[in-house]
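Read in order, the letters of the sequence shown correspond to residues 36 to 345 in our numbering.
Positions of the beta carbon are idealized from the N, C-alpha and C atoms, including for glycine.
The model shown is predicted, which means the values in this text are computed figures rather than measured ones.
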Amino acid sequence: MEIERDQHISPPSLLAETIPIIDLSNLDEELVARAVVKASEEWGIFHVVNHGIPLDLIRRLKEVGTQFFELPETEKKAVAKQDGSKDFEGYTTNLKYVEGEVWTENLFHRIWPPSCINFNYWPKNPPQYREVIEEYTKDTKKLSERILGYLSEGLGLPREALIQGLGGESTEYVMRMNNYPPDPKPDLTLGVPEHTDIIGITIIITNEVPGLQIFKDDRWFDVHYIPSAITVNIGDQIMRLSNGKYKNVLHRAIVDREKQRMSWPVFVDANPDVVIGPLPELITCSNPSKFKPITCKDFKYRRLLKLPIE
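Structure below.
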């Protein structure tokens, strides 16, 4: 399938202020790899264009997500997170005018590997939902493995080093669909409070309404929307596996008074039993370990409860 190329990436006036933009169709593979590594070291976030995921598939992904959130509340609750569940899968909502609260509704579910998928959390309406998500999963997996391959080589290691560090074929991929309806009181609430992603990397698609902000050089600034681009975030697990070479980006999402904002991140997450710590090949006398090895499930538990890790 031919991929539509994005010939007009961003207005020139914005280039000095936006995050790095990397064209993955560049035939100079070494140049692309260096760009990914540099962006991950300096920013922890970057856009990729001409990334190989068909734009029609992205359109269909946005379509099924929008249709799901337009369903009556009773239908959305058919895939709701179970009361008392310690897992994250399912539909959740928090649309309240309460200061300090988030203003969002979400749908979480695992999409890979097949052994960890629970279709009870996949909506049956719209009817094409499963077909679209399964197709998007295949392409997202290819893209994430390409990015992780570049990052592995940037560490002086084989291309598969980081994906193996996350668990190889048992690495988990999680879809999260976020809906931020117009908020009449945007000064009271956030779409998502400031945080770093607790996972390996995040592959993000959004609609045209801005809202993602990152913290860099002691200030917050907007991540510009670029049609046909996909945004890649470096998370905590890759920072730890790389012994701090790659940066986990601090970010947040704000809401709009008049417009609906939506996003479709896929989280590339280590297998729960994998030990997350600097890859042994990186540790030398001149580059000692900066992080304590810890299983992924224990790392998440301590992070979520704000307990000490190191």
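What three-state label does DSSP hand F81 in the structure shown?
As a working mapping, residue 81 is identified with position 46 in the sequence shown. In this structure, F81 counts as strand in the three-state DSSP scheme.
State yes or no: is the C-beta of T139 within less than 9 Å of the C-beta of G270?
Here residue 139 refers to the residue found at position 104 of the sequence shown. Here residue 270 refers to the residue found at position 235 of the sequence shown. Against a cut-off of 9 Å, the Cβ pair of G270 and T139 comes out as no contact.
Return the residue from the list V72, M212, S277, G200 that minimises the CA-CA distance to T319.
Counting from one through the sequence shown, the residue named residue 319 turns up at place 284. Considering only alpha carbons, the answer is S277.
Over what stretch of residues does the alpha helix (DSSP H) that includes T53 continue unbroken?
The count along the sequence shown starts at 1 and reaches residue 53 at position 18. Premise fails: T53 is in no alpha helix (DSSP H) and is neither H nor E.
In DSSP terms, what Q117 is bridged to
The sequence position of residue 117 within the sequence shown is 82, counting from 1. Its beta-bridge partners do not exist; DSSP assigns none.
Along the beta strand (DSSP E) that carries A288, what are the first and last residues, could you check?
Looking up residue 288 in the sequence shown gives position 253. First-last of the beta strand (DSSP E) with A288: 286-288.
Simplified DSSP assignment, three categories, for N306
Working through the sequence shown from its first residue, we reach residue 306 at position 271. Three-state DSSP puts N306 in coil, outside helix and strand.
Given this structure, state the Cα-to-Cα distance separating R211 from W255, to the nearest angstrom.
Position 176 of the sequence shown, counted from the start, is the residue given in the question as residue 211. Position 220 of the sequence shown, counted from the start, is the residue given in the question as residue 255. So the two alpha carbons sit approximately 24 Å from each other.
In whole angstroms, what separates the C-alpha of N214 from that of K335?
The residue you call residue 214 lines up with position 179 of the sequence shown. The residue you call residue 335 lines up with position 300 of the sequence shown. Roughly 24 Å between the two C-alpha positions.
Pull the bridge partners of T127 from the DSSP assignment, please.
The residue labelled residue 127 in the question sits at position 92 within the sequence shown. Partner(s): N141.
Using DSSP with H/G/I as helix, E/B as strand and the rest coil, what is R254?
Along the sequence shown, read from residue 1 onward, the residue named residue 254 stands at position 219. Strand.
Proximal residues to T266 (C-beta, below 6 Å), its chain only, five neighbours per side dropped
For this step, residue 266 is matched to residue 231 along the sequence shown. Counting only Cβ-Cβ distances below 6 Å, and skipping sequence neighbours, we find H82, I239.
With DSSP as the reference, please indicate the residues paired to W157 in a beta bridge.
Here residue 157 refers to the residue found at position 122 of the sequence shown. Its beta-bridge partners do not exist; DSSP assigns none.
By how many angstroms is the C-alpha of D58 removed from the C-alpha of G87?
Translated into positions along the sequence shown, residue 87 becomes position 52. Translated into positions along the sequence shown, residue 58 becomes position 23. For G87 and D58, the distance between alpha carbons rounds to 10 Å.
Are the CB atoms of S205 and V309 within a distance shorter than 9 Å?
In the sequence shown, residue 309 corresponds to position 274, counting from 1. In the sequence shown, residue 205 corresponds to position 170, counting from 1. Contact flag set, yes.
Identify whether P89 lies in helix, strand or coil by the three-state DSSP scheme.
For this step, residue 89 is matched to residue 54 along the sequence shown. The answer is coil: DSSP assigns P89 none of H, G, I, E or B.
Is DSSP giving P300 helix, strand or coil here?
For the purposes of this step, residue 300 is identified with residue 265 of the sequence shown, where counting begins at 1. Three-state result, P300: strand.
Can you tell which of S150, L247, N141 has its C-alpha closest to the C-alpha of V290?
Here residue 290 is taken as the residue at index 255 of the sequence shown, counted from 1. Ranking the options by Cα distance to V290, first place goes to L247.
Per DSSP, which one or two residues make a beta bridge with Y215?
Working through the sequence shown from its first residue, we reach residue 215 at position 180. Answer by DSSP bridge pairing, in chain order: R296.
Report yes if the C-beta distance between Q295 and P216 is below 9 Å; otherwise report no.
One-based indexing of the sequence shown puts residue 295 at position 260. One-based indexing of the sequence shown puts residue 216 at position 181. Cβ atoms of Q295 and P216: closer than 9 Å.
Classify Y132 as helix, strand or coil using the three-state DSSP reduction.
Numbered from 1 along the sequence shown, position 97 holds the residue referred to as residue 132. For Y132, the pLDDT reaches just 44, beneath the cut-off of 50, and the residue's location in the model is therefore unreliable, leaving the point undetermined.
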